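Only one structure is covered here, and it is reproduced in the block below.
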Amino acid sequence: MISYKIIAIVGALSVLFPIIIGFSFYKNISLNEKIILFLLVTVGLFDIFFYVTNKSHINNISVLNLFTIIEFIFIAIFYSQILGSFYKRRTIIIIYSIVLLVLLSSQGMDLIHNIDFITISIASVSIMVSSIVLILKSNFSDLSFNINNISIKIINNTFLFYFSTTFIIYLLSDWVIVNHYDSFKYIWAINGLVSFITNLLFTLALWKARFQTK
């Protein structure tokens, strides 16, 4: 039977698929797809850091928290290119709020878990809302190129799939650890499977993007 750890590692390493495809057609993809490409590079670096060092904290700040913030900033830039000034203003407020939470979390280890929960909740819900807004906008006929672009649609739907799924997994993980610790390996494996599917979808989006530049 396949080890749950192997599934998790394969899920993490699958980020190489869209990275390879993205850089293969780097000159042929738009700014929006390039933002996603560098987001994936960041994800890959964090995965390498985690599996090589097995560190969960850096200078009293959670690695998960740092990753969430950097991830959110990349995705916020992606959506701000498409959804305009309203999203930019809201994004600035959220980023400042999250930075404040990080500074607060650095003051004590006992706060880190709660700060992680708040940061992940704010980032995940914000991204899911943005994704849904973009889906609703796509129902109108006077669409911009960015929204019409099939690769953007795939990326947007991928974000909705990934963040809705991983947010639920994150909410369940604490309960599983407390009540069914031996079952946590299933959570880890499911998260790896979600990452694998997500990276395949990003690969498809970047593959499609090479045909659809302005």
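Going by our numbering, the sequence shown runs without a break in its numbering and finishes at 201.
In this text, a Cβ means the ideal position worked out from N, Cα and C, and glycines have one as well.
Source: prediction; values computed, not measured.
Just to check, is the beta-carbon of Leu0 closer than 8 Å to a non-hydrogen atom of the ligand GDP?
Looking for the ligand GDP in the displayed structure turns up nothing, as the structure carries no ligands at all.
Below 7 Å CB to CB, which residues in the same chain sit around Ile174 once its five sequence neighbours on both sides are set aside?
For the purposes of this step, residue 174 is identified with residue 187 of the sequence shown, where counting begins at 1. Excluding positions up to five away in sequence, the list reads Ile156, Leu159, Ser160 and Val163.
For Leu191 and Phe148, what's the separation of their Cα atoms in angstroms?
Translated into positions along the sequence shown, residue 191 becomes position 204. Translated into positions along the sequence shown, residue 148 becomes position 161. For Leu191 and Phe148, the distance between alpha carbons rounds to 15 Å.
According to DSSP, is Ser49 part of a helix, a strand, or is it coil?
In the sequence shown, counting from the first residue as 1, residue 49 sits at position 62. Strand.
Can you tell me whether Phe12 is helix, strand or coil according to DSSP?
Taking the sequence shown and counting its residues from 1, one reaches residue 12 at position 25. Phe12: coil per DSSP, three-state reduction.
Contact between the region 179 to 188 and the region -11 to 0 is defined here as three or more beta-carbon pairs at a separation below 8 Å; is this criterion met?
yes
With C-beta atoms as the reference, is Tyr(-9) less than 9 Å away from Ala176?
Your numbering for residue -9 matches position 4 in the sequence shown. Your numbering for residue 176 matches position 189 in the sequence shown. Yes, they are a contact pair.
Going by the CB atoms, is the gap between Phe150 and Ile114 shorter than 9 Å?
The residue given as residue 114 occupies position 127 in the sequence shown. The residue given as residue 150 occupies position 163 in the sequence shown. The answer is yes: Cβ separation under 9 Å.
Please state if the CB of Gly31 and the CB of Leu70 are separated by a distance shorter than 9 Å.
The sequence position of residue 70 within the sequence shown is 83, counting from 1. The sequence position of residue 31 within the sequence shown is 44, counting from 1. Contact: no.
Alpha helix (DSSP H) containing Asp34: first to last residue?
The sequence position of residue 34 within the sequence shown is 47, counting from 1. Unbroken alpha helix (DSSP H) run through Asp34: Leu18 to Thr40.
Any idea if Ile7 is buried or exposed, counting beta-carbon neighbours within 10 angstroms, 16 or more meaning buried?
In the sequence shown, counting from the first residue as 1, residue 7 sits at position 20. Per the 10 Å Cβ criterion, exposed.
What three-state label does DSSP hand Ser(-10) in the structure shown?
Counted from its first residue, the sequence shown places residue -10 at position 3. Residue state, collapsed to three classes: coil.
Where does Asn101 sit, in a helix, a strand or coil, going by DSSP?
Stepping through the sequence shown from its first residue, residue 101 is reached at position 114. The answer is helix: DSSP assigns Asn101 an H, G or I state.
Is it buried or exposed for Ser111, if we count other Cβ within 10 angstroms and need 16 for buried?
Residue 111 sits at position 124 when you count from the first residue of the sequence shown. Result: buried.
Mind checking whether Phe59 and Ile81 have CB atoms under 9 Å apart?
As a first step, residue 59 must be located in the sequence shown, where it is residue number 72. As a first step, residue 81 must be located in the sequence shown, where it is residue number 94. In contact: Phe59 and Ile81 (Cβ atoms closer than 9 Å).
Just to confirm the assignment, what range does the alpha helix (DSSP H) spanning Gly179 have?
Along the sequence shown, one-based indexing puts residue 179 at 192. Run containing Gly179: Phe171 to Ala196, per the alpha helix (DSSP H) assignment.
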